[in-house]
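Have a look at the structure below, then the notes.
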Amino acid sequence: MAVGRVEAPNHPDQANGGLTRRYERATALAFVPSESEIASIYDRIAEEFFHHRHDTTTDFDIVGWPWMRTILNGRVNGKDVLDVACGTGVVSHKLFHDFEPESVQGVDISGEMIRISRREIRDKRARFSLQSASQMDFPDDSFDLAISTYGMDYIPDLSSALREIRRVLRPGGSFVFLVPHPNRNQLYYEGGGGEGPFSEGWYVETWPGAGGVEIPKHYLKLGTWIRELDLSGFNFKRMHEPHPLQPAMEAAPEIYQRYMRGPRTVIFDAVTEGARATALS
Ligand SMILES: C[S@@+](CC[C@H](N)C(=O)[O-])C[C@H]1O[C@@H](n2cnc3c(N)ncnc32)[C@H](O)[C@@H]1O
């Protein structure tokens, strides 16, 4: 697959500094990328990605994490947590900052991402290991909680990963993960990109960091995510569509305005057993 630098066209959102803003367009891929292709892209951009993700004014800090923190409240302290596709460990870091987990184990297929996680998070309760979520070497029933942020949409073999996460979770354990909302495609591409919220499959997006890097990404509709969870033995419990909370209006007005136009992310909350909830939040 051709992966390389591209010229980012001028776009109104680029005025905001580029990196955290626009993915210029998406091109459908006729094949599923391999894990090694994905890993080599992240190896290449790891350091820049680290600076981007550990910047505390990203969309995730302003909108996503406040929601995740609330959803995870009461479910982390004293627990063994798995951070799936942990990248540079930004969420592991937040777990230690905001909660008291017994342990946090991150997994990722990019050696550079894992190296940075180990470098940045020195907490004795943290472990980071280079392995695919689709084939983990942990025994059954190893964790109480699995989390993932912006990770499940990059995994080539999604169903194996979901089955593996299910396998390593203890009975009653949960999986809480955040991925881009399909509606984001409409919002991103309303300028003429042509990819709307019904797109499914693998697309290549241009990440504006590092001068423009093409990254393959898996688009799924909301119902497809839920079906995949069901097929993997999870009980889908809740789905959240984070909107910016009031403090964001002053702290980050641009992000606030953008998120008020429609959901950009979705958080799924699933359990390994228990009754299916009747109402969605
Ligand atoms: C957009 S980054 C997100 C990283 C991190 N969760 C965060 O929020 O910053 C996606 C990550 O998914 C990882 N990844 C892709 N496929 C994977 C797989 N099969 N198993 C584990 N990690 C994977 C990539 O290497 C990359 O680090």
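Going left to right, the sequence shown walks through residues 1 to 281 as UniProt numbering numbers them. For every residue, glycine included, the Cβ atom is placed at its ideal position computed from N, Cα and C.
Proximity below 7 Å, CB of residue i to CB of residue j
i	j	result
Glu205	Ile109	no
Thr88	Ile62	no
Thr265	His181	yes
Val168	Phe198	no
Leu29	Trp202	yes
Ser92	Ala126	yes
Pro83	Gly106	Checking the displayed sequence, the identity of residue 83 turns out to be Asp instead of Pro. In contact: Asp83 and Gly106 (Cβ atoms closer than 7 Å).
Asn183	Pro263	yes
Tyr154	Ile267	no
His54	Gly209	no
Glu228	Leu162	yes
Lys221	Asp269	no
Ile114	Leu130	yes
His240	Trp65	no
Met59	Ile255	One point to set straight first is that residue 59 is Asp, not Met, in the sequence displayed. In this structure, Ile255 lies closer than 7 Å to Asp59 by Cβ.
Met136	Glu112	no
Phe128	Arg119	no
Glu200	Tyr219	yes
Pro33	Pro216	yes
For residue i, the first and last residue of its enclosing beta strand (DSSP E)
i	result
Asp144	143-149
Leu169	169-180
Pro244	Counting along the chain, Pro244 falls outside any beta strand (DSSP E), and DSSP gives it neither H nor E.
Thr224	Taken as a continuous stretch (DSSP letters only), Thr224 belongs to no beta strand (DSSP E), being part of the alpha helix (DSSP H) at 222-231.
Gly111	Not the beta strand (DSSP E): Gly111 falls in the alpha helix (DSSP H), residues 111-120.
Arg127	126-130
Val271	265-271
residue 297	What the structure shows of the chain is the stretch from 1 to 281, and residue 297 is not part of that stretch, so it cannot be assessed.
Which of helix, strand or coil DSSP assigns to residue i
i	result
Met136	coil
Gln105	strand
Asp55	coil
Arg238	strand
residue 282	Residue coverage of the chain in this structure runs from 1 to 281, which leaves residue 282 outside it and unanswerable.
Val81	strand
Val76	coil
Gly64	helix
Glu205	strand
Asp153	helix
Asp43	helix
Arg184	helix
Ser160	helix
Phe31	coil
Tyr23	Residue confidence is low: Tyr23 scores 46 on pLDDT, short of 50, so the model does not pin down where it sits. No coordinate-derived value is stated.
Residue i: first and last residue of the uninterrupted alpha helix (DSSP H) it sits in
i	result
His97	90-98
Pro216	No alpha helix (DSSP H) holds Pro216; the beta strand (DSSP E) holding it covers 213-219.
Ile255	253-260
Counting Cβ pairs, one atom from each stretch, are 3 or more of them under 8 Å apart for the stretch 145-164 and the stretch 224-235? These segments touch.
Would the stretch 140-152 and the stretch 166-184 be scored as touching if the rule is three or more Cβ pairs under 8 Å? Contact holds: three or more Cβ-Cβ distances are below 8 Å.
Taking contact to mean 3 or more Cβ pairs, one atom from each stretch, closer than 8 Å, check whether the stretch 78-88 and the stretch 40-52 are in contact. Counting Cβ pairs under 8 Å, three or more are found: they touch.
Would you check if there are 3 or more beta carbon pairs closer than 8 Å linking the stretch 62-78 to the stretch 93-108? Contact between the stretch 62-78 and the stretch 93-108 is present, with at least three C-beta pairs closer than 8 Å.
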